[in-house]
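**Q**
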Amino acid sequence: MWTTADDVLETDLDDELILMHAAQAEMFSLNASGRLLWRALPASTEALGALLRGTYGLSPEQAAQDVNAWLSDLGGRGLLRST
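Take the sequence shown: its letters are residues 242 to 324, numbered as in the working numbering.
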């Protein structure tokens, strides 16, 4: 199960979602698919893949690849945590 880190603040600006990692004083911008995944948290890797497949019509392989890349990127930046 994946969830947001406790010290992440967010601001919704209509076409993008801005995240601020308070401990690192860094800001990040999520596009539409990133926002979709972020708003679905907490969720499992499988549920996030299903969300991408259903929303964007991706193949299971492509959805899994995209979700794993997103989790790796945001997890590596301390924005997400696995529970």
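C-beta: ideal position from N, C-alpha, C; glycine also.
Only a predicted model underlies this, so the values are computations on that prediction, with no experimental measurement involved.
Give me the DSSP bridge partner(s) of M268.
**A** By one-based count along the sequence shown, residue 268 stands at place 27. Bridge partners of M268: M261.
**Q** Looking at the structure shown, is T296 part of a helix, part of a strand, or coil, going by DSSP?
**A** Indexing the sequence shown from 1 puts residue 296 at position 55. The answer is helix: DSSP assigns T296 an H, G or I state.
**Q** Can you tell me whether DSSP reads R280 as helix, strand or coil?
**A** Translated into positions along the sequence shown, residue 280 becomes position 39. DSSP places R280 in helix when its eight states are reduced to three.
**Q** State the CB to CB distance for the pair L315 and T286, rounded to an integer number of angstroms; the pair is presumed to be in contact (CB under 8 Å).
**A** Taking the sequence shown and counting its residues from 1, one reaches residue 315 at position 74. Taking the sequence shown and counting its residues from 1, one reaches residue 286 at position 45. Not a contact, Cβ separation roughly 13 Å.
**Q** Evaluate L258 with the Cβ neighbour count: other Cβ atoms within 10 Å of its Cβ, from every protein chain shown; 16 or more gives buried, anything less gives exposed.
**A** Translated into the one-based positions of the sequence shown, residue 258 becomes position 17. The residue in question, L258, is buried, as its Cβ has 16 or more Cβ neighbours within 10 Å.
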